[in-house]
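Novice: Chains as they are written, first to last, in our numbering: chain Y, 1 to 181; chain H, 1001 to 1175.
1. Mind listing which residues of the region 58-87 of chain Y have their C-beta closer than 9 Å to chain H's C-betas, in chain order?
2. On the three-state DSSP scale, how would you describe residue 1136 (chain H)?
3. Helix, strand or coil for residue 1111 (chain H), going by three-state DSSP, please let me know.
4. For residue 85 (chain Y) and residue 137 (chain Y), which I take to be in contact (beta-carbon distance under 8 Å), what is that distance rounded to the nearest angstrom?
5. I want to verify the contact list: residues of chain H whose CB lies under 9 Å from the CB of residue 151 (chain Y), in sequence order.
6. In the DSSP assignment, find the beta strand (DSSP E) that holds residue 1027 (chain H) and state where it starts and stops.
7. Please report the straight-line C-alpha distance between residue 82 (chain Y) and residue 92 (chain Y), rounded to a whole angstrom.
8. Using Cβ-Cβ distances below 8 Å, what residues of the region 1033-1047 of chain H are close to chain Y?
9. Helix, strand or coil: which one does DSSP assign to residue 1079 (chain H)?
10. What residues in the region 94-115 of chain Y have a beta carbon less than 7 Å from any beta carbon of chain H?
11. Taking CB distances under 7 Å as the criterion, tell me whether residue 1003 (chain H) reaches chain Y.
12. What is the DSSP secondary structure of residue 1067 (chain H), reduced to helix, strand or coil?
13. Given that residue 1029 (chain H) touches chain Y, what residues does it touch there, using C-beta distances under 7 Å?
14. What's the call for residue 1102 (chain H), buried or exposed, on a 16-neighbour Cβ count within 10 Å?
15. State yes or no: is the beta carbon of residue 162 (chain Y) nearer than 7 Å to at least one beta carbon in chain H?
16. Label residue 1042 (chain H) either buried or exposed according to how many other C-beta atoms from any shown protein chain fall within 10 Å of its C-beta, with 16 as the threshold for buried.
17. Looking at the structure shown, is residue 79 (chain Y) part of a helix, part of a strand, or coil, going by DSSP?
18. Counting only beta-carbon separations shorter than 7 Å, does residue 134 (chain Y) have a partner in chain H?
19. Between residue 1129 (chain H) and residue 104 (chain Y), what straight-line distance do the alpha-carbon atoms span, to the nearest angstrom?
20. Could one say the Cβ of residue 154 (chain Y) lies closer than 7 Å to chain H's Cβ atoms, at least one of them?
21. Can you list the alpha helix (DSSP H) stretches of 4 or more residues lying completely in the region 98-131 of chain Y, in chain order?
22. Report, in whole angstroms, the separation of the C-beta atoms of residue 155 (chain Y) and residue 57 (chain Y), which I expect to be a contact under 8 Å.
23. What residue does the beta strand (DSSP E) around residue 185 (chain Y) start on, and which one ends it?
24. Determine whether the beta carbon atoms of residue 1118 (chain H) and residue 1073 (chain H) lie at a separation below 7 Å.
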């Protein structure tokens, strides 16, 4: 009995630490070209900082940022009851919930947004922003980096405001929005 | 065998901390109910921002307070069914978790009740629950947990746009 129990715990540990678990990363790869889905990678150089004098803090903050991975799902216009949308949305939602630590969320039933992170303490390696609206679809932005502290994040937010954004990389996203209208 | 029990215990302890299921969670994801939830990690991150510049002293006070917060949950609705449900949920919640009524305000047809769970000293707050019965207007339930001083509430209502900020301001000055 005792042996069985310890075997069982061992199995439990193996199962829970097993890498075949579905992750958000895998979901991106598997669904990127599925109907309704689209993925975009954005490099941090879209923040046009070439012509700016950066302070050391700002440079450091930029260095902590590696890339943005964006996944977009568009609601099918035939999907009037939002059934398909809800199935896909719930898949992503549970992935985010299992893999990341949630910081905050807002929701009004029809649409909502959440921000989650992965990393230890204030040394964050990944932010996940999840935005959904049943009429348009949903989007997941993975902000990948290394040791993005809250201070760094604020610095980057400040930079975004001052710099001339290179919007070319966002073009696919913009097109998507335009098509919707 | 003892080790096993210990090991199991340790695996489940975190679940106890994270699964802070409150009575109001059922209102999430309901069409017609607006929810805002801020978790402890967010408060910790916000609180650890380094600040400098002119408004440092002012800001630092705010950051220190933020670190003391655990959860903020706000639910709003104008739907009559959910309003009634919220009212009932607050009543049952208060039965199982006796909170002290801090104040009750009747203003323009809105009935506002503020409850607190005190910590070690009288002004130390572990939990603050506000219920605004909107009647035909918006009904709001706000729950804020942590370990903070009642007098600090006004700081929060100033910086974050909390519902019922005026009422909370009055409440914090009363004690």
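Don't be surprised by glycine CBs; every beta carbon is placed ideally from N, CA and C.
Specialist: Taking the coordinates as given:
1. none
2. Mapped onto the second chain, residue 1136 (chain H) falls at position 136. Coil.
3. Here residue 1111 (chain H) corresponds to residue number 111 of the second chain, with the count starting at 1. In this structure, residue 1111 (chain H) counts as strand in the three-state DSSP scheme.
4. Here residue 85 (chain Y) corresponds to residue number 85 of the first chain, with the count starting at 1. Here residue 137 (chain Y) corresponds to residue number 137 of the first chain, with the count starting at 1. Confirmed, Cβ separation roughly 7 Å.
5. Position 151 of the first chain, counted from the start, is the residue given in the question as residue 151 (chain Y). Those are 1048, 1049, 1050 and 1051, listed as they occur along chain H.
6. By one-based count along the second chain, residue 1027 (chain H) stands at place 27. Neither: residue 1027 (chain H) is in no beta strand (DSSP E) and is coded neither H nor E.
7. What you label residue 82 (chain Y) is simply residue 82 of the first chain in a count that begins at 1. What you label residue 92 (chain Y) is simply residue 92 of the first chain in a count that begins at 1. When rounded, the distance between both Cα atoms is 15 Å.
8. 1033, 1034, 1035, 1036, 1037, 1038, 1039, 1041, 1042, 1044, 1045 and 1046
9. As a position in the second chain, residue 1079 (chain H) is number 79, starting the count at 1. Looking at residue 1079 (chain H) - three-state DSSP - the assignment turns out to be coil, as it is neither helix nor strand.
10. 101, 102, 103, 104, 105, 106, 107, 108, 109 and 110
11. For the purposes of this step, residue 1003 (chain H) is identified with residue 3 of the second chain, where counting begins at 1. Cβ-Cβ to chain Y under 7 Å: no for residue 1003 (chain H).
12. If you number the second chain from 1, residue 1067 (chain H) lands on position 67. Reduced to three states, the DSSP call for residue 1067 (chain H) is coil.
13. The residue labelled residue 1029 (chain H) in the question sits at position 29 within the second chain. Chain Y residues near residue 1029 (chain H): 107 and 109.
14. Locating residue 1102 (chain H) in the second chain gives position 102, where the first residue counts as 1. Per the 10 Å Cβ criterion, buried.
15. The residue labelled residue 162 (chain Y) in the question sits at position 162 within the first chain. Not an interface residue.
16. Along the second chain, one-based indexing puts residue 1042 (chain H) at 42. It is buried - the Cβ of residue 1042 (chain H) has at least 16 other Cβ atoms within 10 Å.
17. As a working note, residue 79 (chain Y) is residue 79 in the first chain. Of the three classes helix, strand and coil, the one that applies to residue 79 (chain Y) here is coil, per DSSP.
18. Position 134 of the first chain, counted from the first residue, corresponds to residue 134 (chain Y). Not one chain H Cβ lies under 7 Å of residue 134 (chain Y).
19. Along the second chain, one-based indexing puts residue 1129 (chain H) at 129. Along the first chain, one-based indexing puts residue 104 (chain Y) at 104. So the alpha carbons of these two residues sit roughly 19 Å apart.
20. In the first chain, the residue the question calls residue 154 (chain Y) occupies position 154. Output row for residue 154 (chain Y): interface = yes.
21. none
22. What you label residue 155 (chain Y) is simply residue 155 of the first chain in a count that begins at 1. What you label residue 57 (chain Y) is simply residue 57 of the first chain in a count that begins at 1. The pair is a contact, with the Cβ atoms about 6 Å apart (cut-off 8 Å).
23. Any property of residue 185 (chain Y) remains undetermined from this structure, which presents chain Y solely from 1 to 181.
24. Position 118 of the second chain holds residue 1118 (chain H). Position 73 of the second chain holds residue 1073 (chain H). No. Outside cutoff.
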